[in-house]
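Quick notes on the structure that follows.
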Amino acid sequence: MALVDENRLDDQAFRMSEATAGDFFALLKPRVMSLVVFTAIVGLAAAPGSMNPLIGAIAILCIAIGAGASGALNMWYDADIDAIMKRTAKRPVPSGRVQPGEALSFGLVLSVLSVMTLGVLVNWLSAALLAFTIFFYAVIYTMWLKRWTPQNIVIGGAAGSFPPMIGWAAATGSISLESVILFAIIFLWTPPHFWALALFKSDDYQRAGIPMMPNVAGEASTRLQIFVYSLIVAPVGVLPWVLGYTSAFYGIAALLLGAGFVWYAWKVYRMPDSDRVMKPAKALFGYSLVYLATIFSLYLVDAVVERFLTAGGI
1 MALVDENRLD DQAFRMSEAT AGDFFALLKP RVMSLVVFTA IVGLAAAPGS
51 MNPLIGAIAI LCIAIGAGAS GALNMWYDAD IDAIMKRTAK RPVPSGRVQP
101 GEALSFGLVL SVLSVMTLGV LVNWLSAALL AFTIFFYAVI YTMWLKRWTP
151 QNIVIGGAAG SFPPMIGWAA ATGSISLESV ILFAIIFLWT PPHFWALALF
201 KSDDYQRAGI PMMPNVAGEA STRLQIFVYS LIVAPVGVLP WVLGYTSAFY
251 GIAALLLGAG FVWYAWKVYR MPDSDRVMKP AKALFGYSLV YLATIFSLYL
301 VDAVVERFLT AGGI
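Numbering (full-length UniProt numbering), first residue to last: 1 to 314.
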């Protein structure tokens, strides 16, 4: 029996070595990480004052690693439900390419590394915010909210909303109203974005036992809530211009983008119950990605141009 157990351990060790660098990179959720990095850069660039480029690069790298660490911890804990859902079944852990213990260790090491490096080399406020973000996503959202309440996305959306605030704190050592507004834009954008996805992926969530809004409250209630959130996020997207943080260029563009968001959400709200294709929901999901990327791109351009003009560039 001892010989059998030893052979089994040897087999497990061999399987553990099967994981490639690409598998571990996939654990970081690179698409999510790219959004985190971009919004953090916007927060850092919009912050007043100047920052050493090397320190700024270190800050963004630490935020990216921290975001990837929380993604790895999420995949470790959610391997059971990821294996059931079609869109996640091929992830490294449920597919068996990465062992659960490897994913857990990888996530924990990167978490500590990113937070400590950010604290020592940049400042401890940004490091504390990063640590809280990792904890919120991995523990509060993944381990608790996601499987317990249909408000999982509403509350859990805070985790994905912190990066611009962390970038701002890295540059200034403080938190401001402007950085809070950047947080609010992502926070309010998250529910309609993910509920649009949940509408046409409800069967997947149902099989996995995840209480997403369409499966708990029904499609009609979800469509109404999507529309209500669109009516809130659209004016919040314009708020930086109203408060004088950006130029009219950003403000007018944000106004038009917000109107588009409301229009797509209205089409979802008016979508008949019999619509199984759910083209309006798919269209809103796609547009919401364009909306957020464009809003933050415009904010970044506006901040860079303002800094250039202030420095006497022309």
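Idealized CB from N, CA, C, for every residue including glycine.
A quick note: this is a predicted structure, and the numbers were derived from the prediction, not measured.
Sequence-distant partners of Met33 (beyond 5 residues in either direction) whose C-beta falls short of 6 Å from its own C-beta, in its chain, are Ala64, Ala67 and Gly68. In this chain, the alpha helix (DSSP H) harbouring Val228 covers Glu219 to Val242.
The beta carbon of Met85 sits closer than 6 Å to the beta carbons of Asp204 and Ala208 from its chain, once the five residues preceding and following it are set aside; these are given in chain order.
With respect to the 8 Å criterion, Phe261 and Tyr299 are not classified as neighbours on the basis of their beta carbons.
Spatial neighbours of Ala281 in its own chain (CB-CB distance under 6 Å, excluding positions within 5 residues in sequence) are listed in chain order as Ala196, Leu199, Phe200 and Val268. Counting only residues of its own chain and dropping the five nearest sequence neighbours on each side, Val36 has a CB closer than 6 Å to the CB of Ala67 and Pro163. About 6 Å separates the CB atoms of Leu129 and Ala169; that is less than 8 Å, so the two are in contact.
Close CB contacts of Met278 within its chain, under the 6 Å cut and outside five residues either way in sequence, are with Leu199 and Phe200 (chain order). Proximity to Ala40 across Leu125, Ala171 and Arg91 peaks at Ala171, based on C-alpha coordinates. Here Thr310 is exposed, its C-beta having fewer than 16 other C-beta atoms within 10 Å. Three or more Cβ pairs closer than 8 Å define a contact, and the region 85 to 94 falls short of that threshold against the region 47 to 62. In this model, Thr246 and Ala303 are separated by some 7 Å (Cα to Cα). Taken through DSSP and simplified to helix, strand or coil, Asn52 comes out as coil. The region 170 to 186 makes no contact with the region 104 to 114: fewer than 3 CB pairs, one atom from each, lie closer than 8 Å. Secondary structure of Glu178 (DSSP, three-state): helix. The DSSP-derived three-state label of Asn123 is coil. Ser202 sits away from Pro191, with the two beta carbons spaced by 8 Å or more.
Taking a 10 Å sphere around the C-beta of Val233, we find 16 or more other C-beta atoms and assign the residue as buried.
Using a Cβ distance threshold of 8 Å, Gly157 and Leu145 do not count as a contacting pair. Looking at Pro30, Met51, Leu118 and Thr117, the one whose alpha-carbon comes closest to that of Met75 is Pro30. Straight-line spacing of the CA atoms in Val122 and Arg147 works out to 36 Å. Rounded to the nearest angstrom, the Cβ distance from Ile295 to Leu257 is 6 Å, consistent with a contact under 8 Å.
Within 10 angstroms of the beta-carbon of Ser230 lie 16 or more other beta-carbons, which makes it buried.
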